[in-house]
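**Student:** Below you will find the structure I want to go over with you.
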Amino acid sequence: MLWRNNAKLALASLKSAKWRSFLTMLGIIIGVVSVVTTVSIGEGVKQQVNKQISQLGPDLITVRPGKVVNRDANGSVTGYNVLGLIGAGNLNETDWQGLQKIQNARLVVPMNLVPGVLKSSDRTYDEAVVIGAPAGVPEVLNQELAYGTFYENSDANKGTAVIGKRVAEKFFQENVPIGKSFEFRGRNFMVRGVFDEFPASPLTPTADYNNAIFIPYDISKEVAGGQTHIYQILLKPTSPDMAAQLSNDVRGSLKASRGGQEDFTVLRQDENISLADSLLTLLTTMIAAVAAVSLIVGGIGIMNVMLVSVTERTHEIGIRKAVGATNQQILSQFLLEAAVLSSVGGVVGVLMAVIVNYLLRIFTDIQPVITLQIVLVATAVSLVVGIMFGITPALRAARKDPIEALRSI
């Protein structure tokens, strides 16, 4: 009964100053919107990245320049090594040729980046990622073609190309540009096939194959004046259960060819997913922590307004104490007011975050994901913030001397 009466008194007090109550809640609302939106975007990005990585198949092995991960004595990945990117060069044809000799490797596909602009009779396009690669790309990427066929090894010296869906839509402005021609670095190419849509990833733009054009590896060298920029080599084992063994064999082969120096990274798909999860969780936590500062600001706002309220309601406190209200009852009333302000602000903030995330999904490529856990944590944190910052005003109200309080009437 006591808590019910205190709750009624707290609500009545807040209703009597609706505008001030709303302004007090505003800081909490903004803080909750910021935190929930940030975390839900991070969760959405994590799911997108995991979907992209998983679609490539569980047995894919990726080799990239630079030692960007740390491993323990057993060879298990323990985390990122960002400094490994400093001074990292490219992979080369010697690496590719050496990896082709590994017995457990069924497919070895280098990806050679070639900068440049696509040209046709009436337009240019500079957004595409042009990749030189041998036959076997659809299999190593675990992706079907929507139209046409991929080039064969016998087409190594032909000006043929297979494009991503976005290139078809943006450059050719049609879904099936089979047989269409374009110019790239002074050489004419003809579209032979169009890939089905890949799951895009906001973290790996160079692997956004929807915006890629694949041309034969030898032709990519030719148009680049003999230069290569192999940014990754993809491998598939002879059987899925040999992926771990192939990964170890690749590391051993590359270390041997480099005189024991490990200036490269070899990752299995499960390691890619684990690293992506840990990195995105860290980034999301850091950004959410910055956004949570607004919650602290909101809590300070509640404390300031409650302190003013205690001063304004000194006579009310005096009358209540005169008719028998205890310090505990006064404390509970003001704490409840702070809790109601913050919890209502938290609920409103969550609802607004849902709207913001819905708009992001409609008008941008970002796909936020709000989980029940995010909602419950945000609401609970806002309540805790309100109570923490409501303690000081509540204690000040409870400790007021009733005689001095009555004199203020």
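Residue 407 in this note's numbering sits at position 407 of the sequence shown; the count goes up by one each step and never skips. Glycine residues also receive a C-beta, built at the ideal position from the N, C-alpha and C atoms. Computed from a prediction, not measured in an experiment: that's the story for all the values here.
(1) My guess is that Gln-413 and Phe-182 are in contact by the Cβ rule of under 8 angstroms, so how many angstroms apart are they, rounded?
(2) So the candidates are Asn-112, Val-354, Pro-138 and Asn-327; which of them puts its Cα closest to the Cα of Ile-423?
(3) Is there contact between the region 382–398 and the region 332–341, where contact requires at least three CB pairs shorter than 8 angstroms?
(4) Taking the DSSP output, what are the residues bridged to Tyr-125?
(5) Would you kindly work out how many angstroms separate the C-alpha atoms of Leu-341 and His-315, rounded to a whole number?
(6) Can you have a look at Arg-228 and say buried or exposed, based on whether 16 or more other CB atoms are within 10 angstroms of its CB?
(7) Where does Leu-372 fall in DSSP's three states?
(8) Output yes or no for whether 9 angstroms exceeds the beta carbon distance between Ala-212 and Val-176.
(9) From this set, Phe-22, Gly-31, Arg-20 and Asn-248, which residue's C-alpha is nearest Val-297's C-alpha?
(10) Can you tell me which of Lys-165, Glu-169 and Val-250 puts its alpha carbon nearest to the alpha carbon of Tyr-209?
(11) For Asp-249 versus Ala-105, is the C-beta spacing smaller than 9 angstroms?
(12) Between Glu-43 and Pro-115, what straight-line distance do the alpha-carbon atoms span, to the nearest angstrom?
(13) Taking only runs that begin and end inside the region 221–268, name each unbroken beta strand (DSSP E) of 3 or more residues, in chain order.
(14) Can you give me the Cβ contacts of Ser-278 inside the same chain, cut-off strictly under 6 angstroms, excluding the 5 residues immediately before and after it?
(15) Going by DSSP in three states, Leu-395 sits in which element: helix, strand or coil?
(16) Mind checking who Phe-184 pairs with in its DSSP beta bridge?
(17) In whole angstroms, what separates the C-alpha of Asn-50 from that of Ile-273?
(18) Just reading off the beta strand (DSSP E) that Tyr-358 is part of, what are its end residues?
(19) For Gly-136, does the three-state DSSP call read helix, strand or coil?
(20) Is there contact between the region 228–243 and the region 61–68, where contact requires at least three CB pairs shorter than 8 angstroms?
(21) Could you tell me the distance, in whole angstroms, from the CA atom of Phe-172 to the CA atom of Phe-150?
(22) Which term fits Ser-309, buried or exposed, when burial requires 16 or more other beta carbons within 10 angstroms of its beta carbon?
(23) Whether or not the region 252–270 and the region 87–98 are in contact is what I'm after, with contact meaning three or more pairs of Cβ atoms, one per stretch, closer than 8 angstroms; do they touch?
(24) Would Thr-379 be called buried (16 or more neighbouring beta carbons within 10 Å of its own) or exposed?
(25) Could you compute how far the alpha carbon of Asn-157 sits from the alpha carbon of Val-191?
(26) With a CB to CB cut of under 6 angstroms and the five nearest residues on each side skipped, what residues in its chain are close to Ser-120?
(27) DSSP beta-bridge partners for Asn-50?
(28) So, at 7 angstroms on beta carbons, what are the nonlocal neighbours of Tyr-147 in its own chain, with the 5 sequence-adjacent residues on each side left out?
(29) Classify Tyr-217: buried if its beta carbon has 16 or more other beta carbons within 10 angstroms, exposed otherwise.
(30) On the three-state DSSP scale, how would you describe Thr-149?
(31) Go through its chain and collect everything with a Cβ distance to Val-356's Cβ below 6 angstroms, but skip five positions before and after it.
(32) Just grab the DSSP bridge partners of Phe-22 for me.
(33) So, is Arg-399 buried or exposed, given that buried needs 16 or more other C-beta atoms within 10 angstroms?
(34) Compare the C-alpha of Leu-295 against each of Met-25, Ile-53 and Arg-20 and name the closest.
(35) Using 8 angstroms for Cβ pairs, my map puts Val-33 next to Met-286. What's the rounded Cβ distance?
(36) Any idea what DSSP makes of Arg-71, helix, strand or coil?
**Tutor:** Result, derived from the coordinates:
(1) The structure shown has nothing for residue 413, since the chain only spans 1 to 409.
(2) Here the chain has residues from 1 to 409 only, and residue 423 is not among them.
(3) yes
(4) For the purposes of this step, residue 125 is taken as residue 125 along the sequence shown, with counting starting at 1. Beta-bridge pairing links Tyr-125 to Leu-118.
(5) Taking the sequence shown and counting its residues from 1, one reaches residue 341 at position 341. Taking the sequence shown and counting its residues from 1, one reaches residue 315 at position 315. Cα-Cα distance, rounded: 23 angstroms.
(6) In the sequence shown, the residue the question calls residue 228 occupies position 228. Residue identity check: residue 228 is Thr in the sequence provided, not Arg. Buried is the call here.
(7) Along the sequence shown, read from residue 1 onward, the residue named residue 372 stands at position 372. Note: Leu-372 maps to helix in three-state DSSP.
(8) Locating residue 212 in the sequence shown gives position 212, counting from the first residue. Locating residue 176 in the sequence shown gives position 176, counting from the first residue. No, they are not a contact pair.
(9) Indexing the sequence shown from 1 puts residue 297 at position 297. Looking at the Cα atoms, Gly-31 is the closest of the given residues.
(10) As a working mapping, residue 209 is identified with position 209 in the sequence shown. Selected option, being the one with the closest Cα: Lys-165.
(11) As a first step, residue 249 is located in the sequence shown; it is residue number 249 there, counting from the start. As a first step, residue 105 is located in the sequence shown; it is residue number 105 there, counting from the start. Closer than 9 angstroms, so yes.
(12) Counting from 1 along the sequence shown, the entry for residue 43 is found at position 43. Counting from 1 along the sequence shown, the entry for residue 115 is found at position 115. Each residue's alpha carbon lies about 33 angstroms from the other.
(13) If we require 3 residues or more, the beta strand (DSSP E) runs fully inside the region 221–268 come out as 230–237 and 264–268.
(14) In the sequence shown, the residue the question calls residue 278 occupies position 278. Within the same chain, Ser-278 has no close Cβ partners at all.
(15) As a first step, residue 395 is located in the sequence shown; it is residue number 395 there, counting from the start. In the structure shown, Leu-395 sits in a helix (DSSP, three-state: H, G or I).
(16) Within the sequence shown, residue 184 is the residue found at index 184, counting from 1. Its beta-bridge partners are Leu-118 and Arg-187.
(17) Along the sequence shown, read from residue 1 onward, the residue named residue 50 stands at position 50. Along the sequence shown, read from residue 1 onward, the residue named residue 273 stands at position 273. If you take the alpha carbons of Asn-50 and Ile-273, they lie about 6 angstroms apart.
(18) As a first step, residue 358 is located in the sequence shown; it is residue number 358 there, counting from the start. No beta strand (DSSP E) contains Tyr-358, which is instead part of the alpha helix (DSSP H) from 327–363.
(19) Position 136 of the sequence shown, counting from 1, holds the residue named residue 136. Gly-136: coil per DSSP, three-state reduction.
(20) yes
(21) Reading the sequence shown from its first residue, position 172 is the one you call residue 172. Reading the sequence shown from its first residue, position 150 is the one you call residue 150. Cα to Cα, Phe-172 sits roughly 18 angstroms from Phe-150.
(22) The count along the sequence shown starts at 1 and reaches residue 309 at position 309. Buried.
(23) The region 252–270 and the region 87–98 touch, with three or more beta-carbon pairs separated by less than 8 angstroms.
(24) By one-based count along the sequence shown, residue 379 stands at place 379. Taking a 10 Å sphere around the C-beta of Thr-379, we find 16 or more other C-beta atoms and assign the residue as buried.
(25) What you label residue 157 is simply residue 157 of the sequence shown in a count that begins at 1. What you label residue 191 is simply residue 191 of the sequence shown in a count that begins at 1. Roughly 15 angstroms between the two C-alpha positions.
(26) In the sequence shown, the residue the question calls residue 120 occupies position 120. Taken in chain order, the residues that qualify are Phe-182.
(27) Locating residue 50 in the sequence shown gives position 50, where the first residue counts as 1. Answer is none; Asn-50 lacks a bridge partner.
(28) For the purposes of this step, residue 147 is taken as residue 147 along the sequence shown, with counting starting at 1. The residues are Val-176, Ile-178, Gly-193 and Val-194.
(29) The residue you call residue 217 lines up with position 217 of the sequence shown. Tyr-217 should be labelled buried.
(30) On the sequence shown, position 149 is the one that residue 149 refers to. Three-state DSSP puts Thr-149 in coil, outside helix and strand.
(31) As a first step, residue 356 must be located in the sequence shown, where it is residue number 356. By the criterion of a C-beta distance shorter than 6 angstroms, Val-356 is surrounded in its chain by Thr-37, once the five residues flanking it on both sides are discounted.
(32) Mapped onto the sequence shown, residue 22 falls at position 22. Paired residues: none, contrary to the question.
(33) Stepping through the sequence shown from its first residue, residue 399 is reached at position 399. Answer is exposed; the Cβ neighbour count stays below 16.
(34) Working through the sequence shown from its first residue, we reach residue 295 at position 295. Among Met-25, Ile-53 and Arg-20, the Cα nearest to that of Leu-295 is on Met-25.
(35) Mapped onto the sequence shown, residue 33 falls at position 33. Mapped onto the sequence shown, residue 286 falls at position 286. Not a contact, Cβ separation roughly 18 angstroms.
(36) By 1-based counting over the sequence shown, the position of residue 71 is 71. Arg-71 falls in the strand class under three-state DSSP.
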